[in-house]
Structure formats: C-alpha cells, structure tokens
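Reviewing the structure listed below.
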Amino acid sequence: MDLGELKALINSLLAEVQRLKARVHELETENAELKTRLAQNSANSSKPPSSDGLTKKPLIKPALPKEAGKKPGGQPGHPGKTLHFVEQPDAVHIHQATQCQYCGALLQAEGQPVARRQVFDLPQPGCGLKNTG
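Under the UniProt record's numbering, the residue at position 96 of the sequence shown is numbered 96, and the numbers go up by one with no gaps.
Structure representation (structure tokens):
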C-alpha cells in the first residue's frame with residue numbers, strides 16, 4: 001500500500017468512527033427514553049391504575065429483629081409482665097428419676113431440681129347447665 005491509499009483508508013475509518021459515535025448517541029438517547037417510560041406506573045405518573053397490569057406491588061416487610069441488631073425476647077428497659085407462681089398450689093407433683101435412663105442402674109443420690117412449672121387447667125366454656133337433649 002502506498003501513502004495515498006493509507007490516507008484514504010484512515011479517512012474512511014475516521015468517517016466510520018464518526019458515524020458509529022452518532023449512532024451510539026442515538027441509541028443511548030432512545031434507551032434512556034424507554035427506561036423512563038418503562039418505570040412509569042400509576043403511582044408516579046398520570047396513568048390510570050388499570051394500565052399497571054396484573055402484577056402485584058411488592059410488600060414492604062418490617063425489619064426482622066435480627067436484621068435490626070436486636071436479640072430475641074424483651075429488650076433492656078422494657079417493663080415485663082410475668083405470671084407469678086401461686087403461694088398455695090392445689091397439687092404438687094414431684095417427678096424423680098429412680099434409675100439411669102441410659103444404663104438402668106438405680107439412682108441412690110438426691111437429685112437436683114431442674115425446673116419448676118405451673119399449669120392452669122381451664123374449665124370448658126359454657127353456662128354450667130347440663131343438657132340431656
């Protein structure tokens with residue numbers, strides 16, 4: 001290739017680059033317009049709600065305690081509401097192991113209390129009258 005052909009090739013390539021830059025600019029402008037049109041709905045434009053389609057709006061979930069950095073249970077400074085044990089219960093049941101649950105050996109030593117529970121048996125709802133219907 002001689003010098004004249006190289007200059008002609010450079011000029012044609014520069015013209016092609018200019019043409020492609022103009023086309024890219026057109027496409028970017030069109031893309032931006034389409035994105036704004038796609039993002040419009042009845043909440044942020046004058047479009048009616050019926051034009052939103054059948055998709056449901058995403059629900060805004062409240063922050064979970066772990067996400068908010070809180071430990072489960074009552075938070076420090078919160079006044080608690082505790083159901084206290086009655087002083088004179090109707091019945092006391094002591095559940096004491098007599099043999100080992102693994103080997104079956106008899107247990108001679110006195111056990112340590114593990115937990116206390118208080119159970120309230122609620123009566124069946126009703127007026128108290130019996131119906132023989």
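Glycine included, each C-beta is placed from N, C-alpha and C at the ideal position.
Beta-ladder partner(s) of leucine 64, from DSSP | Paired residues: none, contrary to the question.
Relative to the alpha-carbon of histidine 95, which residue among Arg117, Leu20, Pro89, Leu27 has its alpha-carbon at the smallest distance?
-> Among Arg117, Leu20, Pro89, Leu27, the Cα nearest to that of histidine 95 is on Arg117.
Helix, strand or coil: how does DSSP classify glutamine 40 here?
-> DSSP places glutamine 40 in coil when its eight states are reduced to three.
Glycine 74 and alanine 97: beta carbons closer than 8 Å?
-> It is not a contact, given that the beta carbons lie outside the stated cut-off.
Please state if the CB of lysine 35 and the CB of asparagine 41 are separated by a distance shorter than 8 Å.
-> In this structure, asparagine 41 keeps its C-beta atom at 8 Å or more from the C-beta atom of lysine 35.
Would you tell me roughly how many angstroms separate the C-alpha atoms of histidine 78 and proline 72, rounded to the nearest one?
-> Taking the straight line from one Cα to the other gives about 13 Å.
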